[in-house]
Amino acid sequence: MPQSLKNGEVLRDRYTIKEKIGQGGTGNIYLADDLRLQGRLCAIKEVEHNQTLPSDILE
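The opening position of the sequence shown corresponds to residue 1459 in my numbering, with each subsequent residue numbered one higher.
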């Protein structure tokens, strides 16, 4: 399972993590604020790294 993101963490200078809202076999789901679209919430999925996938797919 991937390392959990922290509440308040900012991803790619755009998304602020608010809370973890789910977890499954392939990763975690977080509720986040979109800083470019102020007031808009979104879901961010943190996918578990699978070393059998080509690196261009993981990007």
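All C-beta atoms in this analysis are idealised placements derived from N, C-alpha and C, irrespective of residue type, glycine included.
Looking at the DSSP output, Gly-1485 bridges to Gly-1482 and Val-1505.
In the same chain as Val-1468, and ignoring 5 residues on each side of it, the C-beta atoms closer than 6 Å to its own belong to Thr-1474, in chain order.
Between Lys-1478 and the set Ile-1487, Arg-1472 and Arg-1470, the nearest pair of CA atoms involves Ile-1487. For Asp-1471 and Gly-1483, the gap between their C-alpha atoms comes out near 27 Å. Here the alpha carbon of Gln-1481 sits roughly 26 Å from the alpha carbon of Leu-1495.
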